[in-house]
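Some notes on the structure that comes next.
Shown next as structure tokens:
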């Protein structure tokens, strides 16, 4: 897991955009506003809760980033891995275990400054085949420099690291990734971790 971050800023509501075919036999434009509707409403067993209407922007919303993967799986399909289960579970556990106001309904956002500016936290998965245009790299650089935080999850081996590293260098050509030591506060803010666990896939 990798985190890219700056100081926090503005929060959010919902959007999805243009339609592109994917390996999963659906189109990007068919991603529902409510992720529980995914798969013909097969996710309504996930818990839900009410958010205070008094401060509609004082709410954490899980935002998944849609990007080009350019692989045998289809032009934009890898960003969909584990959707919407991981999104719904992340939101549920965050509201269960913290005092944050959490939106039970996550969103899918594109690499678009008007969408990104509403979400201080965005999630990217399976970035080992990510392909960014120069304009997308600039947009992500501006997002991070203006306070955004990107959580990157789930890629494997040297090939996928090299591909993701290439994308990182597009975003920040003058910087190198840095491993955080175990004494960094991020490993002790909630739990005291004495190692960096790496969890392999099951099955």
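Numbering (our numbering), first residue to last: 106 to 308.
Even glycine gets a Cβ: it sits at the ideal position worked out from N, Cα and C.
query	result
Ignoring anything shorter than 3 residues or poking outside the stretch 169 to 249, list the beta strand (DSSP E) runs there in chain order.	212 to 214, 226 to 230
For residue 255, name the three-state secondary structure that DSSP assigns.	strand
Out of 226, 153, 232, which one is the CA nearest neighbour of residue 272?	232
Within this structure, are the beta carbons of residue 211 and residue 169 separated by less than 8 Å?	yes
For residue 217 and residue 269, what's the separation of their Cα atoms in angstroms?	20 Å
Within 10 Å of its beta-carbon, does residue 204 have 16 or more other beta-carbons around it, so buried, or fewer, so exposed?	exposed
Exposed or buried, residue 196, counting other C-beta atoms within 10 Å across all chains shown (16 or more means buried)?	buried
Starting from the C-beta of residue 228, find all residues in its chain whose C-beta is less than 6 Å away, skip the five residues before and the five after it, and write them out in chain order.	169, 256
Any idea which residues DSSP pairs residue 260 with across the strands?	Looking at the DSSP assignment, residue 260 forms no beta bridge with any residue, so it has no partner.
Using three-state DSSP, classify residue 165 as helix, strand or coil.	strand
Select from 242, 278, 295, 192 the residue whose C-alpha is nearest the C-alpha of residue 202.	295
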